[in-house]
Amino acid sequence: MKPEIMTQPLTTAPTDAEKLAARKQWDHLCKRGTDFLGTQYAILAGAMSWVSERHLVSAISNAGGFGVIACGAMQPERLAEEIAATRAMTDKPFGVNLITMHPQLLELVDVCLQAGVGHIVLAGGIPPGAAIKAAKDGGAKVIAFAPALVLAKRLIKMGVDALVIEGAEAGGHVGPVSLTVLAQEILPHIDQVPVFVAGGLGRGDALLAYLEQGAAGGQLGTRFAAAAESIAHEKFKHTFVRANARDAVTSVQLDERFPVIPVRGLANEGSRKFLVHQADVINRFQSGVVSKEEAQLEIEHFWAGALRRAVIEGDVESGSVMAGQSVGLVKAVQPVAEIIADLVDQAVEALVRQKRRMDADG
Ligand SMILES: Cc1cc2nc3c(=O)[nH]c(=O)nc-3n(C[C@H](O)[C@H](O)[C@H](O)COP(=O)(O)O)c2cc1C
Numbered sequence: 368m369k370p371e372i373m374t375q376p377l378t379t380a381p382t383d384a385e386k387l388a389a390r391k392q393w394d395h396l397c398k399r400g401t402d403f404l405g406t407q408y409a410i411l412a413g414a415m416s417w418v419s420e421r422h423l424v425s426a427i428s429n430a431g432g433f434g435v436i437a438c439g440a441m442q443p444e445r446l447a448e449e450i451a452a453t454r455a456m457t458d459k460p461f462g463v464n465l466i467t468m469h470p471q472l473l474e475l476v477d478v479c480l481q482a483g484v485g486h487i488v489l490a491g492g493i494p495p496g497a498a499i500k501a502a503k504d505g506g507a508k509v510i511a512f513a514p515a516l517v518l519a520k521r522l523i524k525m526g527v528d529a530l531v532i533e534g535a536e537a538g539g540h541v542g543p544v545s546l547t548v549l550a551q552e553i554l555p556h557i558d559q560v561p562v563f564v565a566g567g568l569g570r571g572d573a574l575l576a577y578l579e580q581g582a583a584g585g586q587l588g589t590r591f592a593a594a595a596e597s598i599a600h601e602k603f604k605h606t607f608v609r610a611n612a613r614d615a616v617t618s619v620q621l622d623e624r625f626p627v628i629p630v631r632g633l634a635n636e637g638s639r640k641f642l643v644h645q646a647d648v649i650n651r652f653q654s655g656v657v658s659k660e661e662a663q664l665e666i667e668h669f670w671a672g673a674l675r676r677a678v679i680e681g682d683v684e685s686g687s688v689m690a691g692q693s694v695g696l697v698k699a700v701q702p703v704a705e706i707i708a709d710l711v712d713q714a715v716e717a718l719v720r721q722k723r724r725m726d727a728d729g
């Protein structure tokens, strides 16, 4: 069982006037983000392969957030179909996340532009200038990931319209630095474009703290993956409900000669077997049975298809159950609208508490 997370209760319920004032303050803090996204809330759902498709994306956008389709390895025709299907389920804005190393990146950008997608997220490395230019020339806004301040500055020079800074607490592929530190490194120095924070966000009061530090909004993945509208298998979602923050660990690399891309997910039989697999491959390399290249490929191949197995087939034992540390804050499978309402209520309540504290201090 997860321990309950205690928040300091307000000794008396907030009055309507207090809530109204706090809500105004919250809307003000979110304004840069909501203006940029064209949404009611400055809350993005991070794209998640297999999870971020028409149902979840439209549910998030319909609830006032900003849904993002995960293109992943889709071919252009398949992406066009997914965009059209999402559009049929929402008339609100949503975006598309494209992986920069996709061999048909420019064609995918074109598919987004033809379909009138307003925001293209370029993920998985520094985006090529040609893709940024094509997207912007076609009228879309470009969002990119900045894992450090120098890269944030470089991306702005390259013309991106907004940045996401994602801490190591996040689910999926992660960098080494926590959001707490990235935010301090980047937020005070970037005001040319909106910066959205990601990684470890599970409550509205935490998001509020980053907005007060200068963030334009927040991006969440883990909480939305377990939403009622997510097509993830029931077993996948229930594993999220049961898991604690410490269960979401990054993949372990056994030998520096054979790099393993850090991916955060729930420890399971698959992650334990991955260690045995690496040890076996390394042994075979050392005894000359396989070349270095073959060994690296065998290590990389271990997780091929594993996220799909977990998300779609519900194989939470040997599949890749990508999840961030905020999985510890997933208490139930909730509709997206309820998750967003909770986040907003928590932020508003935190603002009321803050105001009362300040009033009490005179
Ligand atoms: C199951 C899962 C799959 C993900 N897949 C992708 C992906 O395909 N592309 C991507 O850019 N980020 C991916 N992410 C990261 C999310 O987009 C998001 O940035 C991250 O989940 C935010 O941190 P949080 O997990 O603490 O909410 C994935 C995350 C999860 C939990």
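The letter at position 51 of the sequence shown is residue 418 when you use this note's numbering, and the numbering goes up by one with no holes.
Beta carbons: idealized from backbone N, C-alpha and C, even for Gly.
For HIS395, count neighbouring Cβ atoms within 10 angstroms of its own Cβ and tell me buried if that reaches 16, exposed if not.
-> Exposed.
Cβ-Cβ separation, LEU404 to PRO730 (assumed contact under 8 Å), whole Å = The chain is shown only over 368 to 729; residue 730 falls outside these bounds and no answer can be derived.
Beta-carbon contacts of PHE669 that lie in its chain and below 7 Å, excluding the five residues immediately before and after | Excluding residues up to 5 positions away in sequence, PHE641, HIS644 lie with their Cβ nearer than 7 Å to the Cβ of PHE669 in the same chain.
Residues in its own chain within less than 6 Å of VAL476 by CB, not counting five upstream and five downstream?
-> Residues of the same chain with a CB within less than 6 Å of the CB of VAL476, apart from the 5 flanking positions on each side, are ALA498, ALA501, ALA502 in chain order.
Flag ALA490 as yes when its Cβ comes closer than 7 Å to any non-hydrogen atom of ligand 1, and as no otherwise.
-> Because some heavy atom of ligand 1 lies under 7 Å away, the Cβ of ALA490 counts as near it: yes.
Assuming VAL509 contacts VAL527 (C-beta within less than 8 Å), just tell me the rounded distance between them.
-> Right, the Cβ-Cβ distance comes to about 5 Å (below 8 Å), so this counts as a contact.
With DSSP as the reference, label THR617 as helix, strand or coil.
-> Note: THR617 maps to strand in three-state DSSP.
Is the beta carbon of THR606 sitting closer than 8 Å to the one on VAL688?
-> Going by beta carbons, THR606 and VAL688 fall inside the 8 Å limit.
Whole-angstrom distance between GLY506 and ARG613, CA atom to CA atom | Each residue's alpha carbon lies about 43 Å from the other.
According to DSSP, what are the bridge partners of VAL531?
-> Paired residues: PHE512, PHE563.
Unbroken beta strand (DSSP E) run spanning PHE461, endpoints = Per DSSP, the continuous beta strand (DSSP E) segment holding PHE461 begins and ends at 461-466.
In whole angstroms, what is the alpha-carbon distance linking GLN586 and GLY655?
-> Looking at the two C-alpha atoms, the distance is approximately 46 Å.
DSSP-derived helix/strand/coil call for LEU377 | DSSP places LEU377 in coil when its eight states are reduced to three.
Span of the beta strand (DSSP E) around VAL630 | In the DSSP assignment, VAL630 falls within the unbroken beta strand (DSSP E) covering 630-633.
Reduced DSSP secondary structure (H/G/I, E/B, other) of ILE493 | Correct three-state label for ILE493: coil.
Taking 7 Å as the cut-off, is the CB of ALA690 close to at least one heavy atom of ligand 1?
-> A heavy atom of ligand 1 is found nearer than 7 Å to the CB of ALA690.
Cβ-heavy atom distance, ARG590 to ligand 1, below 7 Å | Yes, Cβ of ARG590 sits closer than 7 Å to a heavy atom of ligand 1.
From GLU680, THR401, ALA426, pick the residue whose C-alpha is nearest to that of MET355; which is it?
-> Missing from the structure shown is residue 355; the chain here goes from 368 to 729 and no further.
When you compare only the Cα positions, how much space is there between ALA513 and ARG521?
-> If you take the alpha carbons of ALA513 and ARG521, they lie about 9 Å apart.
Contact check, SER597 vs LEU423 under 8 Å by CB: the rounded distance?
-> Confirmed, Cβ separation roughly 5 Å.
What residue range is occupied by the uninterrupted alpha helix (DSSP H) comprising ILE410?
-> Judged by DSSP secondary structure, ILE410 falls outside any alpha helix (DSSP H) and instead within the beta strand (DSSP E) spanning 410-412.
If you draw a straight line from the alpha carbon of LYS602 to that of VAL697, how long is it in whole angstroms?
-> Rounded to whole angstroms, LYS602 to VAL697 spans 14 Å at the Cα level.
Specify, as a first and last residue, the run of the alpha helix (DSSP H) that GLY571 falls within.
-> Its alpha helix (DSSP H) spans residues 571-579.
Have a look at GLY483, GLN721, VAL564 and flag the residue whose alpha-carbon is nearest the alpha-carbon of LEU530.
-> When C-alpha distances from LEU530 are compared across GLY483, GLN721, VAL564, the shortest belongs to VAL564.
Looking at MET415 and ligand 1, is the gap between the Cβ and the nearest heavy atom below 7 Å?
-> For ligand 1, at least one heavy atom lies less than 7 Å from the Cβ of MET415.
When every heavy atom of ligand 1 is checked, does at least one fall within less than 7 Å of the C-beta of ALA671?
-> No, Cβ of ALA671 sits at least 7 Å from all heavy atoms of ligand 1.
Apart from the five residues on each side of it in sequence, which residues of its chain come closer than 6 Å, Cβ to Cβ, to THR401?
-> Excluding residues within five positions, the ones whose Cβ falls inside 6 Å are ALA409.
Every unbroken alpha helix (DSSP H) within the segment 646-717, with a cutoff of 4 residues, ordered by chain = Segments of the alpha helix (DSSP H) lying fully in the segment 646-717: 659-668, 673-678.
What number of angstroms, rounded off, separates the C-alpha of GLN721 from the C-alpha of VAL463?
-> GLN721 and VAL463 have their C-alpha atoms some 37 Å from each other.
Which one or two residues does DSSP pair with GLN586 in a beta bridge?
-> DSSP lists LEU411, ALA565 as partners of GLN586.
Given a cut-off of 8 Å, decide if GLY584 and GLY691 are closer than it, judged by their beta-carbon atoms.
-> Contact: no.
Please report the residue range of the alpha helix (DSSP H) in which ILE436 lies.
-> Counting along the chain, ILE436 sits inside no alpha helix (DSSP H); it lies in the beta strand (DSSP E) bounded by residues 434-437.
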